[in-house]
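Asks: Here it is, the structure, as structure tokens.
This is the structure:
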């Protein structure tokens, strides 16, 4: 998949996720500190999934990886219940899915639907259960606690 398409897909998701936070003035800093720990954890897993899916496309992987790292700073969870390999295994499980769309595949050779897999992970009951199990004070925010 070409980096331009990845950028468009990622931008479309980011835009749709931030519409509810839109204001008349330009936002000049990340909003993660004002989102709940539960939401930031889910966002971190999504960013990790995108970074993993596009690890061979350096700019996309670097951006998503940096975003995942920043989101860790705004998330409060039990590190003992959530070693990094738990997220790695969950991401690998979803990226290993074999999605097909004959109409798209006839026009775009080698399409993987990795971004769609990451979105499916993001919206999965499996991730929701993980959040409930390990996120401490899931409805609180980093800004409230600092």
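Residue numbers (this note's numbering): 155 to 300. Built from N, CA and C at the ideal position, the CB exists for glycine as well.
Under DSSP, the alpha helix (DSSP H) around residue 193 begins and ends at which residues?
Replies: Translated into positions along the chain shown, residue 193 becomes position 39. Element bounds for residue 193: 191 to 207.
Asks: Is it true that the segment 289 to 299 meets the segment 222 to 231, where meeting means three or more beta-carbon pairs spaced less than 8 Å apart?
Replies: yes
Asks: So residue 276 is in the alpha helix (DSSP H); what residue range does that whole segment cover?
Replies: Taking the chain shown and counting its residues from 1, one reaches residue 276 at position 122. Segment 268 to 276, the alpha helix (DSSP H) holding residue 276.
Asks: Got a sec? Which residues, its chain only, sit under 8 Å from residue 226 by beta carbon, not counting five neighbours each side?
Replies: For the purposes of this step, residue 226 is identified with residue 72 of the chain shown, where counting begins at 1. Within the same chain, residue 226 has close Cβ partners 198.
Asks: In or out: residue 185 buried (at least 16 other Cβ within 10 Å) or exposed?
Replies: Taking the first residue of the chain shown as position 1, residue 185 is located at position 31. Residue 185 is exposed by the Cβ-count criterion.
Asks: Closest to residue 273 by C-alpha separation, out of 264, 187, 251, 238, would be which residue?
Replies: If you number the chain shown from 1, residue 273 lands on position 119. Among 264, 187, 251, 238, the Cα nearest to that of residue 273 is on 251.
Asks: Using only alpha-carbon positions, find the residue among 211, 195, 247, 264 that is nearest to residue 223.
Replies: Within the chain shown, the letter at position 69 stands for residue 223. Cα-wise, what sits closest to residue 223 is 195.
Asks: So residue 280 and residue 244 are supposed to be a Cβ contact under 8 Å. How far apart are they, rounded?
Replies: Residue numbering aside, residue 280 sits at position 126 when the chain shown is read from its first letter. Residue numbering aside, residue 244 sits at position 90 when the chain shown is read from its first letter. Correct: roughly 7 Å between the Cβ atoms.
Asks: How would you label residue 287, buried or exposed, when you count the other beta carbons within 10 angstroms and need 16 or more for buried?
Replies: The residue labelled residue 287 in the question sits at position 133 within the chain shown. Result: exposed.
Asks: Residues in the same chain with beta-carbon distance under 6 Å from residue 271, minus the five sequence neighbours each way, listed in chain order, please.
Replies: The count along the chain shown starts at 1 and reaches residue 271 at position 117. The residues are 248, 249, 251.
Asks: Look up residue 240 in the DSSP assignment and say whether it is helix, strand or coil.
Replies: As a position in the chain shown, residue 240 is number 86, starting the count at 1. Residue 240: helix per DSSP, three-state reduction.
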